[in-house]
Amino acid sequence: MSLKVHDNRRRQKVEFTTIEPGKVKMYVCGVTVYDLCHLGHARCYIAFDLIHRWLEKSGYQVQYIQNFTDIEDKIINRANETGIGWEKLVEDNIAAYYQDMDALNILRADEYPRCTEYVKEMIDIIQSLIDKGNAYVGNDGVYFHIESAPEKYGILTGQNIDAVRSGAGGRVEDTGSGKKDHKDFALWKSAKPGEPSWDSPWGEGRPGWHIECTAMSMSYLGEQFDLHGGGEDLRFPHHEAEIFQGECHTGCSPVVHHWLHNGFVNMDGEKMSKSLGNFWTIRDILEKIEPLVLRLALVNAHYRSPIDMNEQLLADATKNHQRIIETYRAALQSWNGHSEDTIIPAPNGDMASQIPMVKSIGLLEKMAEGFAIAMDDDFNSREAVAKVLASCREIGKILTSSTVLDDKDRATYGYEATLLLEEMAGEVLGLLPSREDTLTEPEEDPAISARKLEIADAVAELLVRRTTARAAKDWSAADAIRDELNEMGVVVTDTNDGPTWDLA
RNA sequence: GCACGGGUGACAGAGCGGCUAUGUGCGGGGCUGCAAACCCUGAAACCGGAGUUCAAAUCUCCGCCUGUGCUCCA
Numbered sequence: 335m336s337l338k339v340h341d342n343r344r345r346q347k348v349e350f351t352t353i354e355p356g357k358v359k360m361y362v363c364g365v366t367v368y369d370l371c372h373l374g375h376a377r378c379y380i381a382f383d384l385i386h387r388w389l390e391k392s393g394y395q396v397q398y399i400q401n402f403t404d405i406e407d408k409i410i411n412r413a414n415e416t417g418i419g420w421e422k423l424v425e426d427n428i429a430a431y432y433q434d435m436d437a438l439n440i441l442r443a444d445e446y447p448r449c450t451e452y453v454k455e456m457i458d459i460i461q462s463l464i465d466k467g468n469a470y471v472g473n474d475g476v477y478f479h480i481e482s483a484p485e486k487y488g489i490l491t492g493q494n495i496d497a498v499r500s501g502a503g504g505r506v507e508d509t510g511s512g513k514k515d516h517k518d519f520a521l522w523k524s525a526k527p528g529e530p531s532w533d534s535p536w537g538e539g540r541p542g543w544h545i546e547c548t549a550m551s552m553s554y555l556g557e558q559f560d561l562h563g564g565g566e567d568l569r570f571p572h573h574e575a576e577i578f579q580g581e582c583h584t585g586c587s588p589v590v591h592h593w594l595h596n597g598f599v600n601m602d603g604e605k606m607s608k609s610l611g612n613f614w615t616i617r618d619i620l621e622k623i624e625p626l627v628l629r630l631a632l633v634n635a636h637y638r639s640p641i642d643m644n645e646q647l648l649a650d651a652t653k654n655h656q657r658i659i660e661t662y663r664a665a666l667q668s669w670n671g672h673s674e675d676t677i678i679p680a681p682n683g684d685m686a687s688q689i690p691m692v693k694s695i696g697l698l699e700k701m702a703e704g705f706a707i708a709m710d711d712d713f714n715s716r717e718a719v720a721k722v723l724a725s726c727r728e729i730g731k732i733l734t735s736s737t738v739l740d741d742k743d744r745a746t747y748g749y750e751a752t753l754l755l756e757e758m759a760g761e762v763l764g765l766l767p768s769r770e771d772t773l774t775e776p777e778e779d780p781a782i783s784a785r786k787l788e789i790a791d792a793v794a795e796l797l798v799r800r801t802t803a804r805a806a807k808d809w810s811a812a813d814a815i816r817d818e819l820n821e822m823g824v825v826v827t828d829t830n831d832g833p834t835w836d837l838a
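In the numbering used here, the protein residues as written are 335 to 838.
Take a look at the structure:
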């Protein structure tokens, strides 16, 4: 089986290859830490978390670098507005970033370099670009000169440099910057009074927006690496600027062997933006739903497709996630009480077999195979989720039917199902809680617990009366009691072990 | 305007030359007194037009609609 990925430079699905056999060097653009992370960030880092997980699952040794942009106009502005020092602002938002991403079960990257720690490396690259004739010193900083390498223009977005040339009338707005061409972008910005700044051959200043990723990715991963990711919006100009910088500086082409970009999150059909007021931080949404449900909602689409966030999507995700958890719990319970080493090993599966156990195991293996094919196809997590849900149905069928397997086989089957779910839904998709948490009741809101305690005696008494009525087949009396409980906000569920109840 | 994506059942969303996607919702049935959960089963789709092909949701062309980028943005 081989992995295919959609490379945005070649604009097609290509065979995934690595520079060094068995090793993947990947870099994903991180956040500018001037504020809390929003849903779009969640989508991006979950998408690349999945890619990270699947590469490792496929046997690659992955080196994953993700940066923090900790100096930038927005940080300076926010620091000025709030009166918080920019260093403190940055620290707070980085701490919040880790909290949010941990909640979403995103595995940590290997390193999270901050751009202020790489100013020296950036200066070196800028100097090299000046020496090679790709950059020049203007009045307020250093600029990359696009016309020094026009063949690299529009590589990721297919823009035609001639159109851009003629479209802008070839003129440069004179802002006194000393910029030679409107396409040129800043490598180094001279400091304005009161701004944080670093010393450089071109005076006090700070890096331009694009150079940091070139400096950090090359510091960790070398002059060429395997995979570079980020949001759709970064293709132009950010990533094209990286191509200019990296390739002109190193002379290598391509520096990045696979460019991957994730699609955006829309809100009820509209672009998510602060001005539209439809902007959710991860924290906002986690007040309403479980982190793993949000994760499922975001994994339940191909990473390159846009996602339209709405109530329906979350409702679907809630149900689907619940189904996965219920199945996982049922699988765990089916062999609960056996220790793992005493479980009889499963036979080899064969879907065509007449022996129920062999056939059932064969079906599970088929699901796992479909799952792997989906993930190998440009990380098609939507299809992978479909395989998980189909497995849940399959597992539920076997486990709830008393006739298919005897008790011993049931434990073996349940154990196999457990491992399958843990591998697909857990290890790769990151959607499962721990075994302990799955088997124990979730922690409750203290207010809810208090309410339950308050009414427990009354409910218990009503349930006894209802049980008596049911035993006497007095259904109307039994249902009347259930209605009464409903009015108290209590939902009754009858099980083989008697009725249970919970708050609605 | 230029560039790059999309338009699939009620909804979400895969498939991208021949094979049931999947889930929710809806219909029928089973299990249960009835519910819930779970299981079985059914209906239901490929924007419009032309073309290529033995065969098209899937390829080509035209049209219509729509998203994003071209300025800070994951």
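Backbone N, C-alpha and C fix where the C-beta goes; we use that ideal spot for every residue, glycine too.
Between Gly539 and Lys523 a beta carbon distance of about 5 angstroms is seen, short of the 8 angstroms cut, so the two are scored as contacting.
As a beta-bridge residue in DSSP terms, Phe519 pairs with Phe478.
Here Asn596 carries a strand assignment [DSSP, helix/strand/coil]. Contact annotation: Phe478 and Asp518 have beta-carbon atoms nearer than 8 angstroms. Per DSSP, the beta-bridge partners of Gln346 are Asp341. Per the coordinates, the alpha-carbon of Leu837 lies some 52 angstroms from the alpha-carbon of Asp560. Per DSSP, the unbroken alpha helix (DSSP H) holding Met709 starts and ends at 690-710. A contact between stretches requires three or more CB pairs, one per stretch, nearer than 8 angstroms, and the region 546-561 meets this requirement with the region 441-451.
Following the DSSP letters along the chain, one finds Ile428 inside the alpha helix (DSSP H) bounded by residues 420-437.
Take Ser687, set aside five residues on each side of it, and the residues of its chain with a beta-carbon closer than 6 angstroms to its own are Lys693, in chain order. Shortest Cα-Cα distance from Glu349 to any of Ser336, Lys357, Met360 involves Ser336. Within the same chain, His340 come within 8 angstroms of Gln346 by CB-CB distance, once the 5 residues on both sides are set aside. Under the three-pair Cβ rule at 8 angstroms, the region 625-642 does not count as touching the region 668-686.
Sorting Tyr749, Tyr452, Asp791 by C-alpha distance to the C-alpha of Glu546 places Tyr452 at the top. If you look at Gln400, you'll find it in the beta strand (DSSP E) that goes 395-400.
Note that the C-beta distance between Tyr747 and Met691 is below 8 angstroms. Short of 7 angstroms from the beta carbon of Glu717, and not among the five residues preceding or following it, lie these beta carbons of its own chain, in chain order: Ala708.
Remark: fewer than three beta-carbon pairs, one from each stretch, lie closer than 8 angstroms, so the region 460-473 and the region 424-444 are not flagged as touching. For the pair Tyr361 and His562, the CB atoms are nearer than the 8 angstroms cut-off. Taking a cut-off of 8 angstroms on C-beta distances, the region 366-376 touches the region 403-416, as three or more cross pairs fall below it. Bounds of the alpha helix (DSSP H) holding Arg799 are 780-805. Taking C-beta atoms under 8 angstroms as the contact rule, Leu384 and Ser715 qualify, at a distance of about 6 angstroms. Looking at the DSSP output, Met606 shares a beta bridge with no other residue.
Inter-residue distance for Leu763 and Asp791 is about 42 angstroms (C-alpha atoms, whole angstroms). The DSSP assignment places 519-524, 539-541, 559-565 as complete runs of the beta strand (DSSP E) inside the region 510-574, in order along the chain (cut-off: 3 residues). Bounds of the alpha helix (DSSP H) holding Tyr747 are 741-755. Scanning its chain for C-beta atoms nearer than 8 angstroms, with the 5 sequence neighbours on each side dropped, one finds around Glu581 the residues Ala483, Lys486, Ser587, Pro588, Val589, in chain order. If you ignore the 5 residues before and after Ala575, its C-beta comes within less than 6 angstroms of the C-beta of Phe519, His544, all in its own chain and listed in chain order. In the displayed model, Asp458 falls within a helix according to three-state DSSP. Beta-bridge pairing by DSSP links Trp835 to Val826.
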